[in-house]
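Just so you know, we're using our numbering here: the sequence shown kicks off at -19 and counts up by one. So the structure is just underneath, and the comments pick up after that.
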Amino acid sequence: NLETVNSCHPLYFARMIVENASKSSIDWLDRPPASLVVEGQLRPAFAEESTMVSRHLLNGDEPLKDDKKGSGATFFKVEVLSIELITAYGTEPKVKIEEYRKSRPDIIAHSAPNIISRLRAGGDKITQALKSLCWRCKAIQVEEAAIIGVDCLGFDLRLCSGTQVQTLRFAFPTKG
C-alpha cells in the first residue's frame, strides 16, 4: 500500500509507483501504441500557480500548514525539461517544449477507453472484422488482433501474425 505523498519523500513515492507498476504481467496485445517520456523537476505547487490547486482549495480543503498530523494534501508541479515520444517504431526525436505547451488534447481522449471496451465487447464479430481489415488494407494474415488505441486521427491495432507481434496504425479518412 502506498503512503500519501504528504507523508513520504517524493523519491520514495516514485520508487513505490515503479515497483507496483512493474509487478503486473504484460500482455503484448494490450500494450499501448505509444508512450511519452517526460523528464522534469518535481517541486511543490503553490495555490496561486494552478487553477487545479485553487479549485481543490475552494472545495473546502484548507491551505497546507506545518502541522505534525500529516493531514491535508500537497500538490506537486513538474517543470518539464524534455519530452520524448516512444512508439512501436522506436524513439522519435525529442518534442520541443514550446510545441508541447501549445498542443491541445485530442477531442476523443476521454472517450477512447469506452470506445475500446465496447469494441472488445463485440467479441468474435469485431475480431473477424479487424482481421479482415488487416488482410484488405495491409495484406497481412493475422491470427489475433486487438484494438489498443483510438484518437481523432485513427486507431491502432496490436496483432499477432505467426511469431511476430506488431502494431499497425489505421488512419481515418480526412476531409479533402
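Glycine included, every Cβ here is placed at the ideal spot set by N, Cα and C.
- Within its own chain, the residues whose Cβ lies closer than 6 Å to the Cβ of V122, once the five positions on either side in sequence are excluded, are K111, C114, L139, S141, listed in chain order.
- If you look at S97, you'll find it in the alpha helix (DSSP H) that goes 92 to 101.
- DSSP, reduced to helix, strand and coil, places Q121 outside both helices and strands of the structure shown, so it counts as coil.
- In the three-state reduction of the DSSP assignment, D86 falls in the coil class, being assigned neither a helical nor a strand state.
- Between T147 and the set P153, S83, G129, the nearest pair of CA atoms involves G129.
- For K74 against S62, the beta-carbon gap comes to about 5 Å, under 8 Å, which counts as contact.
- Within a 10 Å sphere around the beta-carbon of D136 sit 16 or more other beta-carbons, which makes this residue buried.
- Here the alpha carbon of P153 sits roughly 44 Å from the alpha carbon of F26.
- For F152, no beta strand (DSSP E) segment is defined, and its DSSP state is neither H nor E.
- D86 sits close to C132, with the two beta carbons spaced by under 7 Å.
- Beta-carbon to beta-carbon, T143 and A125 are separated by about 16 Å, too far to satisfy the 8 Å threshold.
- In this chain, the beta strand (DSSP E) harbouring F135 covers 134 to 141.
- With a contact defined as Cβ atoms closer than 8 Å, I77 and I127 miss out at about 32 Å.
- Distance check between G134 and each of A151, Y(-8), R81 places A151 closest, using alpha-carbon atoms only.
- Secondary structure of T54 (DSSP, three-state): coil.
- The beta carbon of G20 is closer than 7 Å to those of V58, E59, V60, L61 in its chain, skipping five residues each way along the sequence.
- In the three-state DSSP reduction, A25 falls in the coil class, being neither helix nor strand.
- DSSP lists no bridge partner for L110.
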